[in-house]
Structures are given as structure tokens and as C-alpha cells.
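Chains A and B are the protein sequences, given in the same order.
Going by our numbering, the first sequence opens with residue 244, and the numbers climb by one from there.
Going by our numbering, the second sequence opens with residue 9, and the numbers climb by one from there.
Structure first, then comments.
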Amino acid sequence: MSPFACAWVPFFAVAAFERSEPALVERPVIVVRGHGAATRVVEASAAAREHGIAPGMTEAEARARCPLLVARAWCDERVASARHALLEAALTVSPRIEDGGPGIVHLDTAGLGGLVGDTHAIVDRLLRQVRAVGLRACVGVAASRTAARLAAQAGTRVTIVPPGGERTFLAAVPLAALELSADLAATFARWGIRTLGELAALPRRSLGDRLGAAGLRAHDASLGVDREPFHVYVPEPYWEEAQGLEWEVTLLEPLLGVIERVLTRLCDRLGVVHVSVDGVDLELALASRETHHRTIALAYPTRDVRLIRTLIAVDLEGHPPPAAVVGVTVRARPAVARPTPADLWRPPAPAHRDLAVLLTRLTEMVGADNLGAPSVLDSHHPDAFTLRPFVAHAAVATPGAPDDRHPPPRMMLRRKQPSAAVEVEAADGRPRAVTSDGRWTRVLACAGPWRMSGEWWDTRAWARDEWDVLLSDTRLCRLAHDRLADHWQLIGVYD
Amino acid sequence: MSPGAITELVGHASSGRTSVFTACLRDVTARGALAAFVDTDHVFDPVGAGRAGVELSRVLWVRCGHRLDRALRAVDLLVRCPGFALVGLDTGDVTPRMTLAMAYRLKLAVRRTGTALVVVSGHRVVASGATLAFAARRSHVAWTGPRPAPNRLEAIETALEVMRARARVPELRPGAVHHVRLRA
Numbered sequence: 244m245s246p247f248a249c250a251w252v253p254f255f256a257v258a259a260f261e262r263s264e265p266a267l268v269e270r271p272v273i274v275v276r277g278h279g280a281a282t283r284v285v286e287a288s289a290a291a292r293e294h295g296i297a298p299g300m301t302e303a304e305a306r307a308r309c310p311l312l313v314a315r316a317w318c319d320e321r322v323a324s325a326r327h328a329l330l331e332a333a334l335t336v337s338p339r340i341e342d343g344g345p346g347i348v349h350l351d352t353a354g355l356g357g358l359v360g361d362t363h364a365i366v367d368r369l370l371r372q373v374r375a376v377g378l379r380a381c382v383g384v385a386a387s388r389t390a391a392r393l394a395a396q397a398g399t400r401v402t403i404v405p406p407g408g409e410r411t412f413l414a415a416v417p418l419a420a421l422e423l424s425a426d427l428a429a430t431f432a433r434w435g436i437r438t439l440g441e442l443a444a445l446p447r448r449s450l451g452d453r454l455g456a457a458g459l460r461a462h463d464a465s466l467g468v469d470r471e472p473f474h475v476y477v478p479e480p481y482w483e484e485a486q487g488l489e490w491e492v493t494l495l496e497p498l499l500g501v502i503e504r505v506l507t508r509l510c511d512r513l514g515v516v517h518v519s520v521d522g523v524d525l526e527l528a529l530a531s532r533e534t535h536h537r538t539i540a541l542a543y544p545t546r547d548v549r550l551i552r553t554l555i556a557v558d559l560e561g562h563p564p565p566a567a568v569v570g571v572t573v574r575a576r577p578a579v580a581r582p583t584p585a586d587l588w589r590p591p592a593p594a595h596r597d598l599a600v601l602l603t604r605l606t607e608m609v610g611a612d613n614l615g616a617p618s619v620l621d622s623h624h625p626d627a628f629t630l631r632p633f634v635a636h637a638a639v640a641t642p643g644a645p646d647d648r649h650p651p652p653r654m655m656l657r658r659k660q661p662s663a664a665v666e667v668e669a670a671d672g673r674p675r676a677v678t679s680d681g682r683w684t685r686v687l688a689c690a691g692p693w694r695m696s697g698e699w700w701d702t703r704a705w706a707r708d709e710w711d712v713l714l715s716d717t718r719l720c721r722l723a724h725d726r727l728a729d730h731w732q733l734i735g736v737y738d
Numbered sequence: 009m010s011p012g013a014i015t016e017l018v019g020h021a022s023s024g025r026t027s028v029f030t031a032c033l034r035d036v037t038a039r040g041a042l043a044a045f046v047d048t049d050h051v052f053d054p055v056g057a058g059r060a061g062v063e064l065s066r067v068l069w070v071r072c073g074h075r076l077d078r079a080l081r082a083v084d085l086l087v088r089c090p091g092f093a094l095v096g097l098d099t100g101d102v103t104p105r106m107t108l109a110m111a112y113r114l115k116l117a118v119r120r121t122g123t124a125l126v127v128v129s130g131h132r133v134v135a136s137g138a139t140l141a142f143a144a145r146r147s148h149v150a151w152t153g154p155r156p157a158p159n160r161l162e163a164i165e166t167a168l169e170v171m172r173a174r175a176r177v178p179e180l181r182p183g184a185v186h187h188v189r190l191r192a
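Below you can see the structure in the form of C-alpha cells.
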């Protein structure tokens, strides 16, 4: 039994439209892209090609050739749906399949003999399953994936290449079946190469010297040799649970009860495969025929139903649905949970659950921009800091033995945010009096200037002189004279 | 600073109260514990705090947009979350008195979680809810540099006077004064 089969759906974009609109079958159909006069044909059905319509043609030219033509605009979603449908159909035949691109799927048929039957039985089953999802495929069976694909594209419904007969079969296949680049195809045409057999007869080393990797790949394909490993297609898990309601829910508490039941089902599924989530998408169907979307980001991967329910409750308190709810859908974004062992030498940190709820409530209260762990940026600018997300178990150096030495505390500045503009009376370049509210305050002592500048290579260049001044109202302040804008600012008060 | 209790640090501008609180922040984060700072008027200086030895990644900074009501609600949430060794509240320039109910609510919360709550303000706001209260007063400003016109601020000296202490510790008897030198 040959180990590989290939299912190929010709004119796949058209087939995707015919799958969703069965009335289009047997009619001349084109799929177009672009607008106005620039609209081009990207795919044409077999019936359309009989009228001389080919990809690359303008829609106007295609309609001139076939007045009964049906045109559809390209739709990514339809093509993607058809592609997934083809892969799912192949998965019902073999657990090891490979996505070969739009309309192409390779199947590893090794070991299926005992389950399904001989090669003909496998092919029949594959054709039946593909037809069941609304597509019509051609199937090729051969000892390699490349040979199986070329066999599927040979023009007949089913082509089975007997074991050891690949070279003989491929020798008669036209070179155009390889879909080579225009340059390479022109080179082979100049050399008089028309079929894969003629290409396979060329010396491999000389072909590599002249045409490089592309020439070697073409030579391998002409021999039916697979150089690429078999990439097994694994369908993405569908982490979604939904529940429709027979009544309209207007209050938050009953709604949270429904959400909790949906979450429990979802988290049970996640628990079976030991997966946690780091985000949840909530979609509420409203009685007004609209939907209310909320995305809840979790501080750490979890599948704790109570925690996620609490976070959803906090979020919905701040952003309630505008109408009564008639349906709940919860989608989970799975993430790998890596356990973090506690550090024996560090005081206990808040529990993940408590911290997540706390941060969510604080974010609702003050906004995400005003919450986090401060972080100093790599700059000489005194205001060069930012806020990063607060993590209880931040990767910082573990403290060693307790240090009994207490270095003397340092003077701190109470910053004015934003810096307050002040008027300064200066003598000999040193501040003598300061006013901010129309009231002058005498400077008793001052130190400076501390000249600072930076980012002169950028549009955000800054340069200023800073002064420490003791005012007659007992305040000890830091002033800055912006040398670029020539004005004074009160940076803060030492406290 | 006392775990499971409320400590007040009061004083006028340039009295040294913020520097004393930052020293508490440094000691807490240096031993690996977490701290939170509720900042009503955005007065915190992360660059200076980093230079003073505060491990900034262990500090949760909550900026309240000049809204004292938000600051109080944030403190109320923070002191109920076990795991923060220190929660600081800077009430900003305008300091209204806290209601007695609110003060006792915070007092019970910190007693349960073992969190040390430090309130930095212009005058006392927690009243009898505080276990410790200090009044900061600047006593001296030291300048340095070549004479006769010194050109560098070297340090300030702050006198911390105990205003209220529930604990029977001789060093913390009301009226006792502790001097702290804060270098620039």
C-alpha cells in the first residue's frame, strides 16, 4: 500500500463559494478582487474557463466573453472556512494529515489498512468525507507526498500510482504542473524541457550549479522526492462555551449566576487537558439584537472559576450591558501555567487570586495609567520613569542575610506634577526671590546651578540648570531654569 | 512603623516626613516584602527613591489624580489584601479629617492583615485610630562647599516628636524627640 494520499480541490476559491451557495454549481463563476476598472479575476470555475476566462483578466473582459458570468468578491472568511472543512474531512480518514495550502491536504495512510481497508477503500472514504463537507476533490495516491499531489492534479478523479511506478508516472507529467517561477519556467523552456521525465534526466549537480536551490527543488519534485518533513496538522482547540436564555436578564446577580455556570463548564474542559487561561472574552447577546463585548485580562494563568467570576463581576459593574441579556458566550484564551514556588527567605506575597482582584478594582478606580510598579528609565532626565505592571513575584535578586547596617536616610523630593511655572528674580545669575501665586518669597540661601542636558540629538532635547533654594517661608525647594525655553519651574519641595 | 497598626507622620513642607517614610519603604522592600504607596497628589519621586535604595519593583504605586476620596478607597482595598507589609498614604496638600468610622475601619483591617499603614499628612487625620503619631520638624539645614558661599546642600536634620503612642516603650513616650539626619 502506498503510504501517502493527497486530496486536491480544483479552483478552490470558486469551490469555497459554491460550498456556501450550491446554486452556483455548474454555472460560470469567477472570484474577483479590486475595485472599479482595476477589478481582476483571481479564480475561475471550469465552466468559466470553457469561455476562455483565466485569472488575471479584468472583470469587464471576462463579462465580454461570457455574459452569463457570475462574479463574487474575494472573501477571506469563506476560503478559510472551506480550508478548515477540507482538513476536518481528512482528519476523519487519517489522524496524520498535513495542510498543503488552500485546497490541498496530504494524508499519511500508513496503518489504515486494518481500519479502513485497501487503497481503494481509503480513497472512497476520503472522497465521501470531502463531498460531505460540500467540496469535490481529486485524489492521488503515491509513495511520496509530491508524487501523490501531482497524481491528484493529473486530471482524473482518482489516480493511484502503484508502488515503484512513481518515476514512470511522473515522466509523462508536463512541467507546468510544478508551478515554477516565471524565470525558472522560461529557462527550462529555452533548454527544451517539457516534461518532468526530461527534467529528472538532467544531472543534479550541474543543475544545482546553474540554477541554485530553486533548480534542485524542481529536480526533487520531478523525481517525486520529499525533502521537507511531514508537518502534522493539529486542529486548534475550540475553547468556547455558550448558553442561550429563555428569559431576559436585567440584573447583575442573576446574570453572574449564568456566567458562573458557563465558566464552570469551560474550566472543567480546560482542567481535563491541564490548561489555564490568561484572558477571557465575554459576549452578551442583548434583547436589542446587539452584543456587548468585554475582554478580561487575567494577571496570571488560572482556571479558578470563582476568581474569573469575580473579575467579570467587577468589570460588568463598571461597564454594564446597555440592555437586557438573552445569551452568554465565554471564550477562553489558553495559556501554559508555570508554577512558581514560594521563596523561603522572602515574606509572603499576596495570593494570586487576591492580588488579581485588588489590581482589577484599583484599575477600575484610578485607571490603568495610574497604577503599577515605578521603573526608572535609562536617561539622565529627572522625570525619566514609567509605570510597569505590578507583579507580586517579580524576578528580582533574592535578599540575602538581613543587613543590620542602616545607611542614613536620604532627603526626598515631593515632586510637583506637573511642574509649576514660577517667576524668579535673579541677581548675578542666582535666584534672589521666587513667586508662584503673586506673592514674592525671599531666597535665604541657594546652591547651584546643577547644569543638566540630554537628548540633544533628538527633537525632545532638554537643557536646564537646577538650584536648591531655601525660602523665607521655611520651604526648601528645587527650582529649574529651562535654558531652551528660558523660564523657571518649581520641580518640587524637599521634605 | 508598627505592623498591624496605623502610624501617622505629620509635618509642614520641608519638615522631612516624606524622607522618613521613604526610609521605611526602603527597609521593607530591602527585606523582600511588598509595599504600596497611595499618592493623592502625585508627589512620589521614583528616581530619588531608587537612589535612596527602594526596590521599586516591589512597590505598587497608586496615583489618585488629586482625589482624596479615591485615595481613601484605594487604601481601604489595599489594607484588606494580605501580603503587603507596608501601605503608605500621602494625603497631599489639603488634608481633611478622616471620619472616626473610617479610621476604625482601617484600624481593624490592618490588625487583621498585619499590614503597617503609614499616613503622611500636614496634620493628624486618623485621630484615635492611630497607634503611633510623630510630628516632623526641620531643625537644621546644612550647606557645604568652599567658603564664604557654600554651594551644595548637604543635609537637613529633622526632629521627630512622638505625639501619640499606645505601646508602653520608653523611647516612644509622648513628647520624646528623635533626631534624624537626612543627607542630600
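Beta carbons: idealized from backbone N, C-alpha and C, even for Gly.
None of the values given here were measured: they were computed from a predicted structure.
Distance between residue j and residue i (C-alpha atoms, nearest Å)
{"i": "R718 of chain A", "j": "A706 of chain A", "result": "25 Å"}
{"i": "R392 of chain A", "j": "A627 of chain A", "result": "60 Å"}
{"i": "A644 of chain A", "j": "P650 of chain A", "result": "In this prediction, A644 of chain A has a pLDDT of 46, which is less than 50 and means its spatial position is unreliable; what the coordinates show is noted afterwards. Computed Cα separation, rounded: 16 Å."}
{"i": "T103 of chain B", "j": "L190 of chain B", "result": "25 Å"}
{"i": "R146 of chain B", "j": "L602 of chain A", "result": "37 Å"}
{"i": "Y112 of chain B", "j": "G137 of chain B", "result": "6 Å"}
{"i": "V272 of chain A", "j": "V313 of chain A", "result": "5 Å"}
{"i": "I340 of chain A", "j": "P480 of chain A", "result": "17 Å"}
{"i": "H730 of chain A", "j": "H624 of chain A", "result": "17 Å"}
{"i": "C689 of chain A", "j": "H187 of chain B", "result": "24 Å"}
{"i": "L727 of chain A", "j": "V36 of chain B", "result": "41 Å"}
{"i": "R276 of chain A", "j": "H294 of chain A", "result": "20 Å"}
{"i": "R437 of chain A", "j": "L418 of chain A", "result": "6 Å"}
{"i": "P444 of chain A", "j": "A414 of chain A", "result": "Checking the sequence, you will find Ala at residue 444 of chain A rather than Pro. Using only the alpha carbons, I get a separation of about 9 Å."}
{"i": "W251 of chain A", "j": "P591 of chain A", "result": "60 Å"}
{"i": "T26 of chain B", "j": "L140 of chain B", "result": "16 Å"}
{"i": "G407 of chain A", "j": "L355 of chain A", "result": "20 Å"}
{"i": "S263 of chain A", "j": "L541 of chain A", "result": "38 Å"}
{"i": "W490 of chain A", "j": "D524 of chain A", "result": "23 Å"}
{"i": "P642 of chain A", "j": "A353 of chain A", "result": "With a pLDDT of 49 at P642 of chain A, under the threshold of 50, the modelled position of this residue cannot be trusted; read the value that follows with caution. Distance between the alpha carbons of P642 of chain A and A353 of chain A: 58 Å."}
{"i": "A184 of chain B", "j": "H148 of chain B", "result": "18 Å"}
{"i": "R549 of chain A", "j": "P11 of chain B", "result": "30 Å"}
{"i": "A640 of chain A", "j": "V712 of chain A", "result": "With a pLDDT of 48 at A640 of chain A, under the threshold of 50, the modelled position of that residue is not reliable, and the figure given next carries that caveat. When rounded, the distance between both Cα atoms is 38 Å."}
{"i": "L168 of chain B", "j": "V609 of chain A", "result": "33 Å"}
{"i": "A280 of chain A", "j": "A256 of chain A", "result": "22 Å"}
Extent of the continuous beta strand (DSSP E) to which residue i belongs
{"i": "F628 of chain A", "result": "F628 to R631"}
Proximity to residue i [Cα-Cα], best of the options
{"i": "Y476 of chain A", "options": "A:V401, A:S337, A:R392 and A:E533", "result": "A:S337"}
{"i": "P446 of chain A", "options": "A:A258, A:L459 and A:G522", "result": "A:L459"}
{"i": "T107 of chain B", "options": "B:V133, B:L85 and B:F92", "result": "B:V133"}
{"i": "A611 of chain A", "options": "B:R59, B:G73, B:E16 and B:T15", "result": "B:G73"}
{"i": "A616 of chain A", "options": "A:E264, A:S715 and A:V634", "result": "A:V634"}
{"i": "L378 of chain A", "options": "A:D452, A:A566, A:D738 and A:R326", "result": "A:R326"}
{"i": "L369 of chain A", "options": "A:R388, A:V348, A:A386 and A:T389", "result": "A:V348"}
{"i": "P21 of chain B", "options": "B:R81, B:A192, B:A124 and B:A144", "result": "Here the sequence assigns Ala to residue 21 of chain B, which means Pro is not the residue at that position. The shortest C-alpha separation from A21 of chain B is found at B:A144."}
{"i": "D738 of chain A", "options": "B:A184, B:G183 and B:A163", "result": "B:A163"}
{"i": "E286 of chain A", "options": "A:P310, A:F254, A:L733 and A:A386", "result": "A:F254"}
{"i": "R657 of chain A", "options": "B:L180, B:V128, B:P178 and B:E165", "result": "B:V128"}
{"i": "Q486 of chain A", "options": "A:H474, A:L494, A:P478 and A:L499", "result": "A:L499"}
{"i": "F45 of chain B", "options": "B:E169, B:A93 and B:A60", "result": "B:A93"}
{"i": "R66 of chain B", "options": "B:R34, B:H131 and B:L17", "result": "B:R34"}
{"i": "S662 of chain A", "options": "A:L733, A:G681 and A:L620", "result": "A:L733"}
Terminal residues of the alpha helix (DSSP H) in which residue i lies
{"i": "R112 of chain B", "result": "The question names Arg, but residue 112 of chain B in the sequence shown is Tyr. L108 to T121 is the extent of the alpha helix (DSSP H) around Y112 of chain B."}
{"i": "H595 of chain A", "result": "H595 to V609"}
{"i": "G672 of chain A", "result": "It is not in any alpha helix (DSSP H) - G672 of chain A carries neither H nor E in the DSSP assignment."}
{"i": "P446 of chain A", "result": "Looking at the DSSP string, P446 of chain A is not in any alpha helix (DSSP H), and its letter there is neither H nor E."}
{"i": "I273 of chain A", "result": "From DSSP, I273 of chain A is part of no alpha helix (DSSP H) but of the beta strand (DSSP E) over V272 to R276."}
{"i": "L330 of chain A", "result": "D319 to L334"}
{"i": "G500 of chain A", "result": "L495 to V515"}
Residue i Cβ short of 6 Å to the ligand SAH heavy atom set
{"i": "R262 of chain A", "result": "Of the ligands one can find in the structure shown there are none, so the ligand SAH has no counterpart to examine."}
Query raised in the report: In chain order, what residues of the stretch 80 to 91 of chain B put their CB closer than 8 Å to some CB of chain A?
Result: R81, A82, L85, L86, C89, P90 and G91
Query - Stretch pair the stretch 557 to 575 of chain A + the stretch 535 to 549 of chain A: three plus CB contacts closer than 8 Å - result: yes
Query raised in the report: Closer than 8 Å, Cβ to any Cβ of chain A: which residues of the stretch 47 to 70 of chain B, in chain order?
Result: D49, H50, V51, F52, D53, P54, V55, G56, A57, G58, R59, A60, G61, E63, L64, S65, R66, V67, L68, W69 and V70
**Report entry** Under 8 Å (Cβ pairs) to chain A, residues found in the stretch 154 to 187 of chain B
**Finding:** P158, N159, R160, L161, A163 and I164
Query - Residues, ordered as in the chain, of the stretch 14 to 27 of chain B that lie near chain A by beta-carbon distance below 9 Å - result: G19, H20, A21, S22, S23, G24, R25, T26 and S27
Requested in this report: Quick one: which residues of the stretch 600 to 622 of chain A get their C-beta closer than 7 Å to a C-beta of chain B? List them in chain order.
Outcome: L601, R604, L605, M608, V609, N613, L614, G615, A616, P617, S618 and V619
Report task. Report yes or no: do the stretch 673 to 687 of chain A and the stretch 79 to 96 of chain B share at least 3 C-beta pairs separated by less than 8 Å? Result -> no
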